[in-house]
Amino acid sequence: MWNKIKLILWLVILLAVAYFVSMNTTPKISVNILPTFKTPEIPLAIVIIVSIIIGAVLILLFTITDWIAYKIDKIKLSRNIKHLENELERCRSQTKQKEDQIKKLEEEIQVLKNERNITVKQEEEESGAL
C-alpha cells in the first residue's frame, strides 16, 4: 500500500515538473557551475530536467547506503536466528534425555521399593514364625 502511495506522489511531482518545464521552454539561461565556469545559454527546461536527474541520483546514492546497511543487518539477524534455533533444538533434546533418565530412575526407585517391601514382609513373616 505504501508503495502505491509513493508512486502516486512521484507521478504528481513529475506532472508538476512537466507542466513547469512546458511553460518555460523559451527562456534560455546560463548557469554558473563554478565561479570561473559558466555554461553556454541553454533552455530552462534542460536545466530543470538535469537538476531533477542529479537530485534523483543523489537520493539513490543515499538510499543505497541505507539499503546495504539494512541487508547486512538482515543477514546478521538471520544467522543469529539460525544459531538460536539450533541451540533451542539442542536444549530440547537434552531436556528429552533428562526426562527419560528421570523416568528410568523413578522406575528403578519403584522396583527397589517393591523389593524392599517384599524383603521387609519376608523378614516379618520369618520373625513372626519364630
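FYI, the numbering for the sequence shown is 3 to 132, going by the numbering used here. No residue lacks a Cβ here, since even glycine has one placed at the ideal position from N, Cα and C.
{"Item": "Mark A20 as exposed unless 16 or more other C-beta atoms lie within 10 angstroms of its C-beta, in which case mark it buried.", "Value": "exposed"}
{"Item": "Which one or two residues does DSSP pair with N34 in a beta bridge?", "Value": "K40"}
{"Item": "With DSSP as the reference, identify every bridge partner of N29, one or two as the case may be.", "Value": "As written in the sequence, residue 29 is Pro, which differs from the Asn given in the question. P29 pairs with nothing; no bridge assigned."}
{"Item": "Residues in the same chain with beta-carbon distance under 6 Å from I50, minus the five sequence neighbours each way, listed in chain order, please.", "Value": "V23"}
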